[in-house]
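Engineer: Just so you know, my numbering puts 356 at position 79 of the sequence shown, and the rest follows in order with no gaps. Note that CB positions come from ideal geometry on N, CA and C, so glycine has one too. One structure coming up, written as structure tokens, with questions to follow.
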Amino acid sequence: MKYITVFMLFMLFMLFMLFMLSNFAIAGTYTYHCKIIGEYTPSVEGILKPSEPQIYINSTFDVERKSGVVLGPSLGNSSYPKKTIIDKGSSIQSYKLIWISNEIIGTDDGHNVVYLNINEDESGDKKTLSIITGSTVLSGYCI
Numbered sequence: 278m279k280y281i282t283v284f285m286l287f288m289l290f291m292l293f294m295l296f297m298l299s300n301f302a303i304a305g306t307y308t309y310h311c312k313i314i315g316e317y318t319p320s321v322e323g324i325l326k327p328s329e330p331q332i333y334i335n336s337t338f339d340v341e342r343k344s345g346v347v348l349g350p351s352l353g354n355s356s357y358p359k360k361t362i363i364d365k366g367s368s369i370q371s372y373k374l375i376w377i378s379n380e381i382i383g384t385d386d387g388h389n390v391v392y393l394n395i396n397e398d399e400s401g402d403k404k405t406l407s408i409i410t411g412s413t414v415l416s417g418y419c420i
């Protein structure tokens, strides 16, 4: 009898995990998985040229659409206290997110600001992105 109870508990646990994994797969639409493939800075003439060095190329990160949290090994906003979703994105609008740092010590109320745009309005699963951080412009895609 004890083995039947353990087996039943195990089966209930497996059904629960299957349910959770299926919901997780559906929840993937709530998270972007992104990759940087271009990094540019403006030249003296104002033309965007490849940055030197290119520290973000091939970086990956995730964007949780609802909260605006960006997590990745080289790009993220977990230490930024203010995250503002400007547009949640749709079939006719891009997803737009800004994150702002605390005041930079030694400045007169200066802050770092990063702007992220994911072209949610593009057809297909792959959406292009652009990020402006300081004077650097990053490009890539999200799925």
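Could you check where the beta strand (DSSP E) with TYR392 kicks off and where it finishes?
Structural biologist: Sequence index remark: in the sequence shown, residue 392 carries index 115 (1-based). Where TYR392 is concerned, the enclosing beta strand (DSSP E) stretches over 390-395.
Engineer: Give the DSSP bridge partners of LEU415, in chain order.
Structural biologist: Taking the first residue of the sequence shown as 1, we reach residue 415 at position 138. Answer is GLU316 and ILE408, bridged to LEU415.
Engineer: Go ahead and label GLU397 buried or exposed: buried means 16 or more other beta carbons lie within 10 angstroms of its beta carbon, across all protein chains shown.
Structural biologist: What you label residue 397 is simply residue 120 of the sequence shown in a count that begins at 1. The residue is buried, with at least 16 neighbouring Cβ atoms inside 10 Å.
Engineer: So for TYR372, helix, strand or coil by DSSP?
Structural biologist: Taking the sequence shown and counting its residues from 1, one reaches residue 372 at position 95. Looking at TYR372 - three-state DSSP - the assignment turns out to be strand.
Engineer: Could you check what DSSP says for TYR307 in three-state terms: helix, strand or coil?
Structural biologist: As a first step, residue 307 must be located in the sequence shown, where it is residue number 30. Helix.
Engineer: Relative to the C-alpha of VAL347, which residue among THR413, GLU399, GLY411 and ILE377 is closest?
Structural biologist: Numbered from its first residue, the sequence shown carries residue 347 at position 70. Nearest C-alpha to VAL347: ILE377.
Engineer: In chain order, what residues of the same chain have a beta carbon less than 6 Å from the beta carbon of ILE381, not counting five sequence neighbours either side?
Structural biologist: Position 104 of the sequence shown holds residue 381. Excluding residues within five positions, the ones whose Cβ falls inside 6 Å are GLY387.
Engineer: Return the Cβ separation of PRO350 and SER328 in integer angstroms, given the expectation that the two are a contact with Cβ distance under 8 Å.
Structural biologist: Taking the first residue of the sequence shown as 1, we reach residue 350 at position 73. Taking the first residue of the sequence shown as 1, we reach residue 328 at position 51. That belief does not hold up - the Cβ atoms of PRO350 and SER328 are roughly 18 Å apart, past 8 Å.
Engineer: Inspect the beta-carbon positions of TYR333 and LEU352 and report whether they are closer than 8 Å.
Structural biologist: Here residue 333 refers to the residue found at position 56 of the sequence shown. Here residue 352 refers to the residue found at position 75 of the sequence shown. The answer is yes: Cβ separation under 8 Å.
Engineer: Return the first residue and the last residue of the beta strand (DSSP E) that THR384 is part of.
Structural biologist: The count along the sequence shown starts at 1 and reaches residue 384 at position 107. Per DSSP, THR384 belongs to no beta strand (DSSP E) and is neither H nor E.
Engineer: So what does DSSP say about LEU352, is it helix, strand or coil?
Structural biologist: For the purposes of this step, residue 352 is taken as residue 75 along the sequence shown, with counting starting at 1. Three-state result, LEU352: coil.
Engineer: Work out the CA separation of ASN389 and PHE338 for me, nearest whole Å.
Structural biologist: Residue 338 sits at position 61 when you count from the first residue of the sequence shown. Residue 389 sits at position 112 when you count from the first residue of the sequence shown. Their backbone Cα atoms lie some 19 Å apart in a straight line.
Engineer: Taking TYR357 as the reference, which of LEU406, TYR392 and TYR418 has the closest Cα?
Structural biologist: For the purposes of this step, residue 357 is identified with residue 80 of the sequence shown, where counting begins at 1. The residue with the shortest Cα to Cα distance from TYR357 is TYR392.
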